[in-house]
Amino acid sequence: MSYIREAGDDSEFPTLLEIKSQFGFVPNFYRAQKLRPDLIDAEAGLVGAILITDRALTRRQKEYIFLVCSADNLSTYCVTAHCELVRMLGIEGPEPEQIALDHNATNLPGPDKALLDFAVKLNNHQKDVSGTDIDKLREQGFADEHILETVIMVGLAKFANFISIGLGAEPDFDASAVISQLSLPAVFSRSEKILNPGESQSPLIDEDVDLVQRTRSGGLDAFGELVNRHQRRIYRTLIAVTRNPDDAEDGVQNVFLKAFQHLESFQGASKFVTWLTRIAINEGLERLRLRKEVDSLDMAGAEDDVPFRPRDVSEWGDDPEQLYSRKELRGIIERELLRIPAKYRVPVVLRDLQHFSTEETAEILKIGVPALKSRLLRGRLMLREALAPTMGRRTAHV
Amino acid sequence: MFSCEDVLAGLSDYMDEELTAAIRKQVEEHMVHCRSCRAVYDSTRKTLRIVTDTGAFELSEEVSARVAASIRAKIQQKS
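Chains as they are written, first to last, in this note's numbering: chain A, 331 to 728; chain B, -5 to 73.
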């Protein structure tokens, strides 16, 4: 239920019994902290004073501040728990999930939206906060007491978010309502990260460093592990460049042999897999040159100056992928991806199939981030356009 | 007020959450009222979801084992 061990029986902790009487169970957020009942007591006191006691802000405003900050901090636990809490408290207003996903798309009153905009700014763009923001809140009718409570609520949300994330508290409130929101017409990408917190695209730590070190010390098994770990990724990269499965299969061997041979030149300035993928791109380009193919990654086209305009703007169903088996879908995606020019195809494969970050993808392709973003946008739109005839609702042209 | 062209230009960044809060808000405000931008956004998002969930260009277990064995053999030969 969390990353660390839980100590003792619930009945030994009066605060936990009190919490249990409110919810009918002891939430994992508190269970995860049972090694220090004194801290649970202190936190319960803090929550009581800041969130539960009504002074300037209403409970509703405070819960909404908590929700938007938790969503911004990607705390699945806190979002799901407080969506449920808002319902349990019978707070009237928009669905709490919608507040978490995008409070500006709700019918909340203007001042409340301004309050939540400020909370999100303070939560995530602290360095941009200035006295002007406070003046704007005053213009919306908020007194200093409201502003003080808002700032403290943002702090409380961050406090709780980081505890839940750091301790790995598993959501134990009903998350299905949040999930159901994915079928809303305008779902914002923030929600997908909330629901897939494990899918971080760029871990800050290079998990290959140890295997690289062991390989350098003569560990052939360690290098075998690196091969097993990355060969699928390298194969995909090579297909993306060469469009040829045989070239890709041969290329995988060459890439790893070159990596092994030149391992000393890997300085750790980038992640090992980024370095390895760059070798794969070069291997693929070399194969294209040998075949005298012109589908180059840098080939300038007249279309570069003109923004890509989607032609098919029909709406898609909620789950268009349900129309096909997984095998069929994979066939469609592979076929359509390979029809896109390499210049746009390779960024999409690296970014969306391999899940490299924008910066890593730019680094692998040796281009600047703005150029990468422009190619990525065009590649994604081209793929969407190509899939539209099979995925779109043909009756819903606009 | 953002035009459809502005929204389209920022679509990728919007999906990657790489827009500033102010621009993100403009994009969202435009999409509330523009059905065709909303459709393009929604279908592009679904495209990427399908790509992520379905995968593509998988290396089969058989080929993967063969390639790994071949790499190992070639390294051993050289050393």
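Positions of the beta carbon are idealized from the N, C-alpha and C atoms, including for glycine.
What number of angstroms, rounded off, separates the C-alpha of A:F353 from the C-alpha of A:K392? 19 Å
I need the DSSP call for A:G661, collapsed to helix, strand or coil. helix
Looking at the C-beta of B:A56, does it have a partner C-beta in chain A at a distance below 8 Å? Correcting the residue identity first, residue 56 of chain B is Glu in this sequence and not Ala. Cβ-Cβ to chain A under 8 Å: no for B:E56.
Mind pulling the alpha helix (DSSP H) runs of 4 or more residues that sit fully within the stretch 545 to 631 of chain A? 550 to 572, 575 to 591 and 602 to 620
Considering only C-alpha positions, which residue in the set A:E427, A:L478 and A:T436 is nearest to A:A449? A:L478
Residues near A:I670 by beta carbon distance below 8 Å, same chain, minus five either side: V678, G709, M712, L713 and A716
At least 3 beta-carbon pairs within less than 8 Å: the stretch 423 to 440 of chain A vs the stretch 370 to 383 of chain A: no
In the DSSP assignment, the alpha helix (DSSP H) including B:Y8 goes from what residue to what residue? L5 to M9
Given A:Q684, which residues of its chain have a CB within under 8 Å of its CB, disregarding the five upstream and five downstream residues? R563, R566, T567 and T607
Any residues in the stretch 556 to 586 of chain A with a beta carbon nearer than 7 Å to a beta carbon of chain B? Which ones, in chain order? V557, N558, Q561, R562, Y565, R566, I569, E579, V582, Q583 and F586
DSSP three-state assignment for A:G722, whether helix, strand or coil: strand
Counting only Cβ pairs nearer than 9 Å, list the residues of chain B close to A:S644. A33 and S37
Can you confirm whether A:I663, when its beta carbon is compared against all beta carbons of chain B, has any partner nearer than 8 Å? yes
Could you tell me whether the Cβ of A:F590 comes closer than 8 Å to any Cβ of chain B? yes
List, in order along the chain, the chain B residues whose C-beta lies closer than 7 Å to that of A:L713? T41
Can you have a look at A:V676 and say buried or exposed, based on whether 16 or more other CB atoms are within 10 angstroms of its CB? buried
Do A:G423 and A:L438 come within 8 Å of each other at the CB atom, strictly closer than that value? yes
Cβ contact check for the stretch 44 to 63 of chain B and the stretch 8 to 23 of chain B: 3 or more pairs under 8 Å: no
What is the C-beta distance between A:I694 and A:T604, in whole angstroms, given that I count them as a contact (C-beta under 8 Å)? 6 Å
Listed from N- to C-terminal order along the chain, which residues in the stretch 427 to 461 of chain A have their beta-carbon within a distance smaller than 9 Å of any beta-carbon of chain B? D432, N434, A435, D447, V450, K451, N454, H455 and D458
So with Cβ pairs under 8 Å, would you call A:G528 a contact of chain B? Bear in mind that a pLDDT of 40 at A:G528, under 50, signals an unreliable position, so the number given afterwards is only what the model happens to contain. So no, A:G528 is outside the interface.
Whose C-beta lies closer than 6 Å to the C-beta of A:V542 among residues of the same chain, with five residues either side of it excluded? F602
Excluding the 5 residues flanking A:P637 on each side, which residues of the same chain have their C-beta closer than 6 Å to its C-beta? none
Below 6 Å CB to CB, which residues in the same chain sit around A:Q561 once its five sequence neighbours on both sides are set aside? V582
Using a Cβ-Cβ distance under 8 Å, would B:I65 count as near chain A? yes
Below 7 Å between beta carbons is the criterion; list the residues of the stretch 406 to 427 of chain A that meet it against any residue of chain B, in chain order. none
Skipping 5 residues on each side, what residues in its chain have a beta carbon closer than 6 Å to that of A:S494? F359, S405, Y407 and C408
Let me check understanding here. Comparing Cα to Cα, which of A:G338, A:R417 and A:I482 lies closest to A:R366? A:G338
Can you give the beta carbon distance from B:V1 to B:M25, rounded, assuming they're within the 8 Å contact cut? 7 Å
For a quick check, are the C-beta atoms of A:G498 and A:Y333 less than 8 Å apart? yes
Given that a residue counts as buried once 16 or more other Cβ atoms are within 10 Å of its Cβ, and exposed if not, what is A:Q428? buried
Nearest by alpha-carbon distance to B:E(-1): which of A:P640, A:E658 and A:F489 is it? A:P640
Are B:T48 and A:L419 close, meaning C-beta to C-beta below 8 Å? no
Strictly under 8 Å for the Cβ-Cβ distance: is A:R710 near chain C by that measure? Among the protein chains of the structure shown, namely A and B, there is no chain C.
Can you find a CB in chain A that lies within less than 8 Å of the CB of B:I17? no
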